[in-house]
Amino acid sequence: MRYDFDTPVGRRGTASIKWDYSKRFTGLEELLPLWVADMDFPACTEVIEALKRRAEHGVFGYTLEPESYYRAVIDWMQRRHGWEIRRGWMVAAPGVVPSLNLALFAYSQPGDGIIIQPPVYYPFKESIVNNERRVVENPLRLEGDRYSMDYEQLEEAIDENTRLLILCNPHNPVARVWSQPELERLVEICKQRGIIILSDEIHHDLIMPTHRHTPTASLSKEAAAATVTLTSATKTFNLAGLGCSLVIASNAQLRKRYQNTQKRIWTGIANAFSAVASEAAYRHGESWLGQVLDYVQGNYEFLTDFLGSRLPRARVIPLEGTYLAWVDLRFLGLSDEQLKERILKQAGIWLDDGPMFGTGGEGFQRINLACPRSTLEQALEAMVRVLV
Ligand SMILES: Cc1ncc(COP(=O)(O)O)c(C=O)c1O
């Protein structure tokens, strides 16, 4: 079936973080939001039908993820990513960020160093700080419009108290899909220095046609032994409000440590709807996903054309993966406060400010492309008006 992503679906009044809480988060009302990473598109029909069937049953007692859900995940990873995983490697979790925090408890002590590669998804740093671990930064390098990992700097940053590296693969917000050689080099360093890799692969299915996702743990035996993968169907299929994710570790010792930590806070019970939705998405959502990716690619082209003619010195970083465009506005010579004043307050457009993502984010804005093209156009028109 053909999906219509052009027609806006009103989300106000659904307790949507993106649409309903601007007053709480910014002090302003009625903003046009293209910030937090969810889509303004309805989920695929089969997911909606599966949720209706579950709701109509009417009994919502204690639930565990069914084996058919794990089977659907195994098939998906094999089919889409060529990654052979086993049922016994998977541990269900209520979300990638909760499991990231649990992994910090499982694999490190207060004061231990945890590496992140900013600019990066800001809960990485927050999780480290909130849990009294030490943030070790290995900022990405930007040459031209291409970001890369700085391996020499990484080697220097690691000391005897560094335990973990949180990898964003693909990388939000710089939209890189890390290649096999890039990941191999990273794994090599981490292996030599005894660093566990927490590979956040929540964006793994949001890959533009010219690229291919490599699951870090799929690279080699050594990579699998050093990696704990955090993943979910929620980003791919726009199910974030249902809360559901997986921790995948073939290394039995690492898995056990994670499970023991999880037991301590009792997150083992499932939400009655989330696995139903994720399973339906993995089984029936491929065509919907293909259409979303085409639409996002179209929005990315619209964005580059629009800025190319109306704000030609703005630099859009090539979108290899995710649906989040990373736009360099440093040529304007404005401070981040001034940028925010103009885009948020004057134009009423709510984007994610670059500095939220840490070192290297200054002067950038992140624009969520998973919206109807008319919404994107409206936001860009308003934004350009206050910037030229
Ligand atoms: C890299 C990354 N990890 C995790 C999440 C959120 O994961 P969850 O909703 O499962 O906690 C996001 C959401 O944008 C993300 O971009």
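Residue numbers for the sequence shown follow the working numbering, so the first one is 1101 and each next one is one higher.
Built from N, CA and C at the ideal position, the CB exists for glycine as well.
Remember, predicted model here, so these are calculated numbers, not experimental data.
Quiz item: For ligand 1, is there a heavy atom less than 7 Å away from the beta-carbon of A1375?
Solution: no
Quiz item: How would you call T1114, buried or exposed, if buried means at least 16 neighbouring beta carbons within 10 angstroms?
Solution: It counts as exposed.
Quiz prompt | Contact under 8 Å by Cβ, P1218 with G1458 | solution = yes
Quiz item: Is A1340 near ligand 1, with its Cβ less than 7 Å from a heavy atom?
Solution: yes
Self-check item: 4-residue-minimum alpha helix (DSSP H) runs that sit fully inside the stretch 1123-1197, ordered along the chain
Solution: 1145-1157 and 1167-1181
Quiz item: With contact counted as at least three CB pairs below 8 Å, one residue from each stretch, are the stretch 1259-1268 and the stretch 1288-1308 in contact?
Solution: yes
Quiz item: According to DSSP, which residues form a beta bridge with Y1247?
Solution: L1242
Practice problem: Kindly identify the DSSP beta-bridge partner or partners of D1436. | Solution: Paired residues: none, contrary to the question.
Exercise. Per DSSP, which residues does D1453 bridge with? Please list them.
Key: According to the DSSP secondary-structure assignment, D1453 is paired through a beta bridge with Q1465.
Quiz item: For T1331, does the three-state DSSP call read helix, strand or coil?
Solution: strand
Quiz item: What are the start and end residues of the alpha helix (DSSP H) that includes L1283?
Solution: First-last of the alpha helix (DSSP H) with L1283: Q1280 to R1293.
Quiz item: Do E1146 and V1384 come within 8 Å of each other at the CB atom, strictly closer than that value?
Solution: Per the sequence presented here, residue 1384 reads as His, with Val not at that position. It is a contact, given that the beta carbons lie within the stated cut-off.
Self-check item: Secondary structure of D1104, DSSP reduced to three states
Solution: Reduced to three states, the DSSP call for D1104 is coil.
Quiz prompt | Any 3 or more C-beta pairs closer than 8 Å across the stretch 1209-1224 and the stretch 1236-1256 | solution = yes
Self-check item: Start-to-end residues for the alpha helix (DSSP H) that takes in D1120
Solution: I1117 to D1120
Quiz item: Thinking C-alpha only, which one of F1205, L1286 and F1373 is nearest T1163?
Solution: F1373
Exercise. Could you pull the start and end residues of the alpha helix (DSSP H) that L1480 belongs to?
Key: R1473 to L1487
Quiz item: What is the rounded straight-line gap between the Cα of T1475 and the Cα of Y1169?
Solution: 35 Å
Exercise. Using 10 angstroms around the beta-carbon of F1224, count the other beta-carbons present and answer buried if the total reaches 16, otherwise exposed.
Key: By the neighbour-count rule (16 or more Cβ atoms within 10 Å), F1224 is buried.
Quiz item: Between the stretch 1177-1197 and the stretch 1342-1361, do at least 3 Cβ pairs fall closer than 8 Å?
Solution: yes
Quiz item: Which term fits G1408, buried or exposed, when burial requires 16 or more other beta carbons within 10 angstroms of its beta carbon?
Solution: exposed
Exercise. Using alpha carbons as the reference points, say which of P1281, P1309, G1341 and H1157 lies closest to L1319.
Key: P1281
Quiz item: Between R1241 and the rest of its own chain, which residues show a CB-CB distance below 6 Å, the 5 nearest in sequence each way excluded?
Solution: S1248 and D1250
Practice problem: Using only alpha-carbon positions, find the residue among E1284, M1456, Q1391 and A1192 that is nearest to R1355. | Solution: Checked all of E1284, M1456, Q1391 and A1192; the closest Cα to R1355 is A1192.
Quiz item: Where do the ends of the alpha helix (DSSP H) carrying G1213 lie?
Solution: It is not in any alpha helix (DSSP H) - G1213 instead sits in the beta strand (DSSP E) that spans G1213 to I1216.
Quiz item: By Cβ distance, which residues of its chain are closer than 7 Å to K1071, with the 5 residues on each side in sequence left out?
Solution: Any answer about residue 1071 is impossible in this case: the structure gives the chain only from 1101 up to 1488.
Exercise. Could you please give me the residues that DSSP links to W1426 through a beta bridge?
Key: R1466
Practice problem: With DSSP as the reference, please indicate the residues paired to T1262 in a beta bridge. | Solution: G1213
Exercise. Can you grab the Cα-Cα spacing for the pair N1338 / P1142, in whole Å?
Key: 8 Å
Quiz item: Looking at T1314 and S1279, is the spacing between their C-beta atoms short of 8 Å?
Solution: For the pair S1279 and T1314, the CB atoms are nearer than the 8 Å cut-off.
Quiz item: Is any heavy atom in ligand 1 found nearer than 7 Å to the beta carbon of Y1221?
Solution: yes
Practice problem: Spatial neighbours of N1399 within its chain, please: CB distance less than 7 Å, with the 5 preceding and 5 following residues excluded, ordered by chain position. | Solution: Excluding the 5 residues flanking it on each side, N1399 has same chain C-beta neighbours closer than 7 Å at L1469, R1473 and L1476, in chain order.
Self-check item: Residue burial classification, H1304 (beta-carbon count within 10 angstroms, cutoff 16)
Solution: Under the 10 Å beta carbon count, H1304 is surrounded by 16 or more other beta carbons and is classified as buried.
Quiz item: Helix or strand or just coil, what does DSSP make of S1387?
Solution: helix
Practice problem: Could you say which of A1326, V1274 and N1272 lies nearest to R1293 if we only look at CA atoms? | Solution: A1326
Quiz item: So is the beta-carbon of P1315 under 7 Å away from any non-hydrogen atom of ligand 1?
Solution: no
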